[in-house]
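In my numbering, the protein residues as written are 48 to 124.
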């Protein structure tokens, strides 16, 4: 199965609990996109490699965008 996901991470605009020296969050939102492919190994095991792109991590524009690779394994009982 091939899949594509996209969305916006929930956030709070009025979060006043900042870490001293850390960049302040902006009014922008982080955007995430994921593409994945599920490989069915047998009736009970599947492996799903995926790539995840994150734009404006933590709603902070000064942070670089991220590209994350992941491998998930699902065992069904």
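Where a beta carbon is used, it is the ideal one built from N, C-alpha and C, also for glycine.
Annotation: residue 90 to residue 104 spans about 37 Å, alpha carbon to alpha carbon. Beta bridge pairing from DSSP links residue 96 with 118. In terms of Cβ geometry, residue 92 and residue 115 do not form a close pair [threshold 7 Å]. Closest by C-alpha distance to residue 55, out of 102, 88, 94 and 96, is 102.
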